[in-house]
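Undergrad:
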Amino acid sequence: MKSWIEVSERRLTENYRTTLAVAQQESSQDTALLAVIKANAYGHGAVICAPVLARAGAAWLGVTDAAEGTAVRSALTEAGIELQPRILVMCGCLPEDAAAIVRHGLTPVVWQQEQIQALAIVASRETIAVHLEIDTGMSRQGVQIAELQLLLNLLAATPQLRLDGVMTHFASAEVAGSEQTALQRKQFEAALQTVAAEGFTPAWIHVGNTSAVDNGADGGTLTWLARLAESFGARPMARAGLGLYGYSLPLQGLVASDGQSTARLQPAINPVMTWKTRIVSLSEFEAGARIGYGGTFVAEHRMRLALLPVGYADGLRRELSSSSGDVGGWVMIAGKRALIVGRVSMNLITVDVTDLPDLAVGDEVVVLGEGSTAEDHAALAGTISYEILCGMRTPVVLV
Ligand SMILES: *Cc1c(COP(=O)(O)O)cnc(C)c1O
């Protein structure tokens, strides 16, 4: 294999347990944790991570769509998981997905009439549990407050569907004291009152993401959630993705008097992914050699370069390219940095190993992992670690 991603089973398990423990510390022992494995588990392989998370105790998994949910369901069965987690289809279902949702026992997030009608048609015998998403101010998905009553009327008239959960999503969970979050909370409370007034008794109420767990000092989103769920006789649940993979967003406006971050989760989690490759060839070039496409990098002295079989086709960002006078990204070889020299190609990069004398063809290289993290790549690419991780197009092995 020219390059591969190693996913640490131990770290994924530990991160899940740590995230759950932090979420429960902030709220109550009753709080559950939905493990988000959408987008192919943020590049970590959904069908590989799902059984690990199920064994770690996850009672809920969150996937992108019905296709991903179907693949995850099969993987759980193949792995011999007896008590199967429930699988929430988070990013919307189309009418044509309804049959697969029922067949594979997936739980869809719904918020519009078409979804409810399509599910009712296929749910001839057993009732289908659905989760209702409320748009409390992120304006992305979910039923708007003004349309909630109509949708509840439709749900009440559709006995084939059972309202099992109500959820919302915060737009600014990583910002301490965010006004938007405060407004969203109020809207969610009001929506739940409307739901209850119509006689619905959802079993689950859930919100949040990794930052909402990490951001414990922010008036306790999860403390608020636990109280809210209790007042409606439901179980509280936090949803987390990024933290399970060992990363988090920096919390904004949350620093203690000593200047340290007050993040609760970040200090206790560890990256799960290590992207590795092997040296394909080693070559020496004289001063003056132009390296890579466009000849953007000119050797100032004799250099020894290692050729690595990874590039932007595999998810290595092109912004990690370098030119003379402008340092780019790096890989780790034997625990030391080797700088990327010239442009990142489609399937290849060259790295400077002039100061690493004892290398041979076939030696292992860490492209992303300890010493060259998704955050390092994101900083160079002007993006967030999420986009780096889920942009990986490399086979995954569990280690
Ligand atoms: C992706 C997603 C999450 C998880 O967010 P992280 O920041 O990765 O923890 C939670 N809820 C919803 C609705 C999402 O789409």
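Heads up, the sequence shown is in this note's numbering, so the first residue is 83 and it goes up one at a time. Positions of the beta carbon are idealized from the N, C-alpha and C atoms, including for glycine.
#1: Compare the Cα-Cα distances from Gly247 to each of Thr432, Pro318 and Asp217 and report the closest residue.
#2: Could you round the C-beta distance between Glu215 and Val191 to whole angstroms and report it? I think they count as a contact, below 8 Å.
#3: In whole angstroms, what is the alpha-carbon distance linking Gln197 and Val362?
#4: Please indicate yes or no: does the CB of Met552 lie closer than 7 Å to some heavy atom of ligand 1?
#5: DSSP three-state call for Gln348: helix, strand or coil?
#6: In terms of alpha-carbon separation, which member of Ser427, Leu430, Asp437 and Asn429 lies closest to Ala420?
#7: What do you reckon, are the CB atoms on Gly151 and Ile163 nearer than 8 Å?
#8: When you compare the CB positions of Arg425 and Gly376, do they come within less than 8 Å of one another, or not?
#9: Just checking my contact of Val104 with Leu347 at CB under 8 Å: how many whole Å lie between their CB atoms?
#10: Under 8 Å, do Leu389 and Thr356 count as touching if we go by C-beta distance?
#11: Kindly identify the DSSP beta-bridge partner or partners of Ser365.
#12: Please confirm whether any heavy atom of ligand 1 lies closer than 7 Å to the CB of Gly321.
#13: Since I believe Glu446 is in contact with Lys358 (beta carbons under 8 Å), could you give me their beta-carbon distance rounded to a whole number of angstroms?
#14: Could you tell me whether the segment 365-375 touches the segment 121-129, using the rule of 3 or more Cβ pairs below 8 Å?
#15: Let me confirm a value: Asp440 is counted as buried when at least 16 other C-beta atoms fall within 10 Å, else exposed. Which label applies?
#16: Tell me whether the beta-carbon of Gln242 lies closer than 8 Å to the beta-carbon of Ala182.
TA: Taking the definition as stated:
#1: Pro318
#2: 5 Å
#3: 51 Å
#4: A question about residue 552 goes unanswered here, because the residues of the chain that appear run from 83 up to 481.
#5: helix
#6: Asp437
#7: no
#8: yes
#9: 5 Å
#10: no
#11: Leu387
#12: In the sequence on display, residue 321 carries Arg and not Gly. Checking every heavy atom of ligand 1 against the Cβ of Arg321, one is found closer than 7 Å.
#13: 6 Å
#14: no
#15: exposed
#16: no
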